[in-house]
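S.K.:
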């Protein structure tokens, strides 16, 4: 009996998909998927991942991908714990693009939430530092507050700023594809 590989390269995944031998699951978040995705990939975000809700079909391989591979490996482990075999696309969508394979892009879709966090946090830190140097030293507290929030997000895995940004109307659009 041949053992299913744990990872495959983009060219192999593409050939499986073209021959109808695989289902591709994108475990990135809806905003990431809306902005850029591999045609035919089914969106099952890792943040609300339930192995029982992952689409499958008899006789087809299940290939999971994310941006670079870390979240897909997490999904693969969750699927394995539920008795479902899955294969990770090596390098994720970035590996797919590096292999010269096409992706669908929607530049009008919102930026991924973590990029939004980086933009807002960076802006607040720069404003706090500039105002602290020119207007009143108390403004340095703004930079310190944002920095502390980022440390907390990194340690806990919970980002209040991302949650707040996720409530904005343009981040509530649903992804298609």
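In this note's numbering, the protein residues as written are 5 to 181.
Note that the Cβ used here is the ideal one computed from N, Cα and C, for glycine as well.
1) Once DSSP output is grouped into helix, strand and coil, what is the label at residue 61?
2) Given a cut-off of 8 angstroms on the beta-carbon distance, is the pair residue 20 and residue 75 in contact?
3) Which of the three DSSP states, helix, strand or coil, is assigned to residue 101?
4) Leaving out five residues before and five after residue 122 in sequence, what residues of the same chain have Cβ atoms less than 7 angstroms from its Cβ?
5) Using the C-alpha atoms, what's the distance from residue 24 back to residue 10?
6) Using the three-state DSSP reduction, which class does residue 26 fall into: helix, strand or coil?
7) Measuring alpha carbon to alpha carbon, tell me which residue in 59, 167, 51, 145 is nearest residue 117.
8) Per DSSP, residue 41 is paired with what?
9) Does the segment 37-47 come close enough to the segment 99-116 that 3 or more CB-CB pairs lie under 8 angstroms?
10) Just grab the DSSP bridge partners of residue 46 for me.
11) Can you tell me whether DSSP reads residue 144 as helix, strand or coil?
12) In chain order, what residues of the same chain lie with their CB nearer than 6 angstroms to the CB of residue 17, ignoring the 5 residues before and after it?
13) If you draw a straight line from the alpha carbon of residue 33 to that of residue 171, how long is it in whole angstroms?
14) In this structure, does DSSP put residue 128 in helix, strand or coil?
15) From which residue to which residue does the alpha helix (DSSP H) around residue 188 run?
16) Taking residue 115 as part of the alpha helix (DSSP H), name the residues at either end of that continuous run.
17) If you reduce the DSSP assignment to three classes, tell me which class residue 67 lands in.
18) From the DSSP secondary-structure annotation, give me the bridge partner or partners of residue 93.
M.R.: Taking the coordinates as given:
1) Taking the chain shown and counting its residues from 1, one reaches residue 61 at position 57. Three-state result, residue 61: coil.
2) Indexing the chain shown from 1 puts residue 20 at position 16. Indexing the chain shown from 1 puts residue 75 at position 71. No, the Cβ-Cβ distance between residue 20 and residue 75 is not below 8 angstroms.
3) In the chain shown, residue 101 corresponds to position 97, counting from 1. Note: residue 101 maps to helix in three-state DSSP.
4) For this step, residue 122 is matched to residue 118 along the chain shown. Answer for residue 122: no residue qualifies.
5) Looking up residue 10 in the chain shown gives position 6. Looking up residue 24 in the chain shown gives position 20. Those two C-alpha atoms are separated by around 19 angstroms.
6) As a first step, residue 26 must be located in the chain shown, where it is residue number 22. Looking at residue 26 - three-state DSSP - the assignment turns out to be strand.
7) Reading the chain shown from its first residue, position 113 is the one you call residue 117. Among 59, 167, 51, 145, the Cα nearest to that of residue 117 belongs to 167.
8) Residue 41 sits at position 37 when you count from the first residue of the chain shown. Its beta-bridge partners are 108.
9) Result yes; three or more Cβ-Cβ pairs closer than 8 angstroms.
10) Translated into positions along the chain shown, residue 46 becomes position 42. DSSP, once it has assigned bridges, lists 29 as partnering residue 46.
11) In the chain shown, counting from the first residue as 1, residue 144 sits at position 140. Reduced to three states, the DSSP call for residue 144 is helix.
12) Residue 17 sits at position 13 when you count from the first residue of the chain shown. Cβ within range, chain order: 67, 93.
13) Residue 33 sits at position 29 when you count from the first residue of the chain shown. Residue 171 sits at position 167 when you count from the first residue of the chain shown. Each residue's Cα considered, the two are about 14 angstroms apart.
14) Residue numbering aside, residue 128 sits at position 124 when the chain shown is read from its first letter. Residue 128 falls in the helix class under three-state DSSP.
15) Since the first residue of the chain shown is 5 and the last is 181, residue 188 is not available in this structure.
16) Residue numbering aside, residue 115 sits at position 111 when the chain shown is read from its first letter. No alpha helix (DSSP H) holds residue 115; DSSP gives it neither H nor E.
17) Here the question's residue 67 lines up with position 63 in the chain shown. The answer is strand: DSSP assigns residue 67 an E or B state.
18) The residue labelled residue 93 in the question sits at position 89 within the chain shown. According to DSSP, residue 93 bridges with 12.
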